[in-house]
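Position 153 of the sequence shown, counting from 1, maps to 152 under numbering that gives the first Met the number 0, and the rest follow consecutively. Each residue gets a CB set at the ideal place from its N, CA and C atoms; glycine is no exception. Bear in mind that the values here come from a model prediction, so they are computed numbers and not experimental data. Each remark here refers to the structure printed beneath this line.
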Amino acid sequence: MTERMTGAQALVRALEHVGVDTVFGIPGGAILPAYDPLYDSTKVRHVLVRHEQGAGHAAEGYAQATGRVGVCMATSGPGATNLVTPLADAYMDSVPIVAITGQVPSAAIGTDAFQEADISGITMPITKHNFLVTDPLDIPRTILEAFHIASTGRPGPVLVDIAKDALQADTTFSWPPVMQLPGYRPVTRPHSKQIREAAKLIAEAARPVLYVGGGVHRAGASAELLQLAELTNIPVVTTLMARGAFPDSHPQHLGMPGMHGSVAAVGALQKSDLIIGMGVRFDDRVTGQLSTFAPYAKIVHADIDPAEISKNRHADVPIVGDCKEVLGDLIAAVQAASRRGDYSAWWTLLNGIKATYPLGYDEFDDGSLAPQYVMERLSAIVGPDAYYVAGVGQHQMWAAQFVQYEKPGTFINSGGLGTMGFAVPAAMGAKMGRPDATVWAIDGDGCFQMTNQELATCAIEGVPIKVAVINNGNLGMVRQWQTLFYHERYSNTDLQTTRRIPDFVKLADAYGCVGLRCERPEDVDATIRKAMEITDVPVVVDFVVHQDAMVWPMVAAGTSNDDIKIARDMAPTWESEDE
C-alpha cells in the first residue's frame, strides 16, 4: 500500500517497520523535522541523552546486550561530529548500529552553511557503509539497506545522513522497498576443502590452541565452540572481546591472551604448534611484537571478513565464513576423522604453567583497598547473570581478569578503539535493552568524568544502572606506564591532587542517583550488597583504591610475548617449562 507523507514521517515509519523500539539522540535544527512525527510514534521510544557521544555509546551497549541493531540520532555539524567516536568504536569492535543524522538542505550542501559538516566524508573510514539522502523517495529503502548492512556479514556501524529538505518534502511511502545492494554478498558458508585441511592439522598437532575472538560471540557460536573444545580437548584462550564466549570455570580455559593476559594463555600461544583462530584479528595487543609471535605455530584463521585473514599473520589454512557455520562444519569433520590428536603432554605443560603462575595481586600494608579485590567480590556477589560494562584503562583489565564470565555477551567494553567514557552510556543502553538484567558499569575516575552526565538521563528515564568507580585519583594506566617507562615522572596524570574534586557521592546525589563510598576492604561486601538492594534509581559507588595498584601480567608495547612480566622486575621462567 502506498501512502502520502513527509520524508520525516517516512523515516519514522521505516524505523517502525524494521523493528526499532529505542532511539538515543538529541534534536537540533537539521534533524528537527524527524522529531515531530517521532513525538507521535507509539512504537519507538526516544531517549534524550545529554551528549551525542552518549547516544552513540548507548546504541552500542543496546546492540551488544540484545544482539539487535542499536540506533542513535543527531543533528548536522557538531551533533554529527560528536558521533564520530562511537562510530569508530563500533567499527573497531564490529557492533551493529545505525546513526541517523540531519544535514543542511541539499541546495546548501558544500556552501559551508550553518552547522554543515561533511559527515559522510568524515566517517567514511570508520563506518561499514554510509548514505547521503537528498531525495525523500529514497528514505525507506535506505533505512532498510542500512539495517541489513549493519547486521549481516561482519556487523558494524552504518550512517544515514538526510538533508533537511528531504525530511520536509512530501513523498510516497510503500513497504517493503527493494534493496539495491548488488555488490554486497557476505560469505557465511565456509569452503569444505578448507574445513578438511583444518581438521587434518588438528589431528596432526601436538600443541594446538583455540584462539577465540569477538567474532564467535557476534556469530552466536558459543555452544559450537564448547562442543568443538570438548570433542578435541584443545585448550582455549578468549580475547578481551570474547570474554564469556567460553566459560571461565571450564578446565580447558586458560584465560585471556595478550598484553595483560594470563601467563598460561600467553604461554600457550607462544609454545603452540597450531593456532585455530576463530573470529580474531591477530591484534597487536594479543601478538605483541608480531615477528616473535607464536614462532612454532601453523595458523588456521576463520573469519567472516576476508580482509582480516592474513592481514597481520599469514594463515596456512584461511577460512572465510560465519564462525557458527565454520565451527559446525569443523565439528563434523573432526568427528569423521580417522584419528584424534594426543595432547596429554601439552596439557601437562600448560597445567604446570597455570598452577605456577595464577592471576594474583598485591595487598597494601596501609590497609587501603586493592581494586582487584573489588572485582573479585563484585563477581562473587553479583554473579554471572549480570552484564558488566567497562570503560578503558586499568579497571577494564581488572574487570577482564578478576570477574568470572560464564555466559557470552556479559562483558561489554571498548576493545579496539579503547574509548574512555564508554562505560556509563553503554551500560545505560544495555540496561534499556535488557531491563530485567542487573547492569554494572565498571569505570575509572578518569573515564567516569567524560560521560557521567548520562546519569541524568538514567535517573529521568528510569534506568537503574549501577556504577562502580575505581577511584585511584589518577589516570591509572597512563600512570602505570609512567612508573615503568618514564622514571616515575607523573606528568599530568594526577586528577585530584589532595582534594576530592569532584566528590562522586555528592555528584551522584546531584544527578538524582544514590551515592555510596567504600575505602576499606572490610566494607566492600556490605557496600556491594547495599547497591544491589537499590533497584529504582541508579547507584554510584566510589571505591577509593590505592593509587599505585598495577595491572599484571604485562607485555610492554612493541615487545615480544616472551618478555611477559608478572611483576615489575619478575618474569616467568619460560625455559624451565620448555616444550
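| Item | Value |
| --- | --- |
| Touching by the beta-carbon criterion (3+ pairs, under 8 Å), the region 467–486 and the region 439–448 | yes |
| Anticipated Cβ contact below 8 Å, T74 with P26, distance rounded | 7 Å |
| Close Cβ partners of M427 (< 7 Å) along its chain, the five nearest in sequence each way excluded | A57, G60, E453, T456, C457, V462, I464 |
| For G514 and D508, the rounded distance between their alpha carbons | 6 Å |
| Option nearest V70 by Cα separation, candidates R499, M255, L82 | L82 |
| Assigned exposure category for M91 - 16 Cβ within 10 Å defines buried | buried |
| Local Cβ density within 10 Å of R338, reported as buried at 16 or more and exposed below that | exposed |
| As assigned by DSSP and simplified to three states, the class of Q400 | helix |
| Contact set for S575: own chain, Cβ-Cβ below 8 Å, skip 5 residues either direction | Confidence at S575 is low in this model, with a pLDDT of 47, below 50, so its placement is unreliable and the value that follows should be read with caution. Counting only Cβ-Cβ distances below 8 Å, and skipping sequence neighbours, we find nothing. |
| Through-space distance from P246 to A301, alpha-carbon basis | 21 Å |
| Cutoff 6 Å; reference E578; Cβ partners in own chain excluding five residues on either side | Unreliable positioning characterises E578 in this predicted model, as indicated by a pLDDT of 46, which lies under 50. The coordinate reading is nonetheless provided below. Within the same chain, E578 has close Cβ partners K270. |
| Spatial distance of T238 from Q167 (CA atoms) | 47 Å |
| R140, buried or exposed, once every other Cβ within 10 Å from all chains shown has been counted against 16 | buried |
| Helix, strand or coil at H300 [DSSP, three-state] | strand |
| Bounding residues of the alpha helix (DSSP H) (the contiguous stretch that carries P156) | First-last for P156: 156–162, but that is the beta strand (DSSP E), not the alpha helix (DSSP H). |
| Whole-angstrom C-beta distance between V43 and E15, which should lie under 8 Å | 6 Å |
| Straight-line Cα distance separating V316 from G359 | 37 Å |
| Buried or exposed by the 16-neighbour rule on C-beta atoms within 10 Å, applied to N491 | exposed |
| Proximity winner among M476, Y485, R195, relative to Q546 (alpha-carbon distances) | M476 |
| Any alpha helix (DSSP H) of 4 or more consecutive residues that is wholly inside the region 303–376 | 322–335, 343–355 |
| Burial state of R3, where buried means 16 or more other Cβ atoms lie within 10 Å | exposed |
| Where the alpha helix (DSSP H) through H16 begins and ends | 6–16 |
| Neighbour-count burial assignment, L268, 16 or more Cβ in a 10 Å radius | buried |
| Completely contained alpha helix (DSSP H) runs for the region 225–301, where each covers 4 or more residues | 262–270, 283–286 |
| Sufficient close CB pairs (3 or more, under 8 Å) joining the region 391–406 to the region 29–46 | no |
| Buried or exposed (CB count within 10 angstroms, at least 16 for buried), A244 | buried |
| Buried versus exposed, by CB contacts within 10 Å (16 or more), M569 | exposed |
| Nearest candidate by alpha-carbon position, reference D272, set R312, G287, F113, P207 | P207 |
| Cβ distance (whole Å) where V373 is taken to contact F421 below 8 Å | With 8 Å as the limit, V373 and F421 do not qualify as a contact, their Cβ atoms being about 19 Å apart. |
| Q102 in three-state terms, based on DSSP | strand |
| Option nearest T84 by Cα separation, candidates F113, V68, I118 | I118 |
| Contacting residues, own chain, Cβ-Cβ under 7 Å from W345 (five flanking each side not counted) | A205, R206 |
| Cβ-Cβ distance between S559 and G366 below 8 Å | no |
| Given 8 Å, three or more beta-carbon pairs between the region 137–156 and the region 101–116 | no |
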